[in-house]
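> Numbering (my numbering), first residue to last: 206 to 464. Supplied in structure tokens, the structure appears directly below.
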């Protein structure tokens with residue numbers, strides 16, 4: 206049988222997590238990346254005029270510590286679990302921010318973990334009473350069918366479902382090396398690539414309040430010789446160098462071949 210050992214090592218700093226991930230054993234376990242979890246919700250709540258070290262720079266800074274890990278692609282990446290407030294609560298019950306957060310989890314290095322009910326905006330009954338007991342709510346039977354979900358729940362469910370279905374079909378996202386770029390504070394947009402052989406996926410997460418024009422020249426290192434690509438969820442075809450805007454509070458994904 207082929208199995209994976211998952212280790213919970215709740216530490217806030219990458220070098221502490223890396224001690225257990227590297228370990229003295231022949232092949233290290235999959236370790237939960239708590240240090241990244243701690244920065245995830247903070248980064249998306251800082252969406253207006255982020256200061257030094259805030260906003261999407263938090264994610265860039267945390268991923269920049271990957272050199273301490275033996276194999277960062279084997280880390281378990283997540284934004285919430287049964288011991289903390291649900292991410293939907295931490296993001297102010299903002300569904301667009303939740304979608305951006307899961308866009309990141311589905312495309313960054315590592316193995317994403319989805320906490321039950323997040324895909325249908327499961328939350329505490331009383332937002333003033335958060336914590337272990339209040340957040341471990343039962344999944345209502347109605348959300349198991351499209352007819353039972355309200356329009357907002359259905360919107361988020363379909364987004365996360367399409368995102369993860371695409372991820373399962375993309376070896377580049379699963380195994381590709383990660384190349385990322387320091388976000389500009391005035392944009393608050395995090396751009397990174399997953400690269401495998403001659404293919405790449407370009408991820409652009411705009412957590413700012415204004416649309417951002419893609420600076421193709423700045424990201425030439427990840428694009429290589431690629432000229433034409435396609436946006437994953439919409440199917441829109443694009444040409445490198447032509448004007449493309451990333452709407453505010455939105456994540457988009459481009460695939461390219463022949464890089």
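Here a beta-carbon is modelled for each residue, glycine too, at the ideal position from N, C-alpha and C.
1) Do three or more CB pairs link the segment 379-392 to the segment 318-330 at distances below 8 Å?
2) Which complete alpha helix (DSSP H) runs does the segment 247-271 hold, if anything under 4 residues is left out?
3) For residue 394, which residues in the same chain have their Cβ closer than 8 Å to its Cβ, ignoring the five residues on either side in sequence?
4) Are the beta-carbon atoms of residue 403 and residue 443 separated by less than 9 Å?
5) Spell out a yes or no on whether the segment 365-379 and the segment 280-298 are touching, meaning 3 or more CB-CB pairs, one atom from each, closer than 8 Å.
6) Please state if the CB of residue 315 and the CB of residue 264 are separated by a distance shorter than 9 Å.
7) Using the Cα positions of residue 380 and residue 407, report the straight-line distance between them to the nearest angstrom.
8) Quick check on the burial criterion: 16 or more other C-beta atoms within 10 angstroms. Buried or exposed for residue 208?
9) Relative to the C-alpha of residue 358, which residue among 299, 449, 215, 240 is closest?
10) Quick one: does the C-beta of residue 264 sit closer than 8 Å to a heavy atom of the ligand GDP?
11) Determine the DSSP secondary structure at residue 407, reduced to helix, strand or coil.
12) Express the C-alpha separation of residue 272 and residue 204 in angstroms, rounding to a whole number.
Reading it off the structure:
1) no
2) 262-268
3) 261, 388, 409, 410, 411, 412, 413, 417, 451
4) no
5) no
6) no
7) 14 Å
8) exposed
9) 299
10) You won't find the ligand GDP in this model; it holds no ligand whatsoever.
11) strand
12) Because the chain in this structure spans residues 206 to 464, residue 204 falls outside the shown range and cannot be described.
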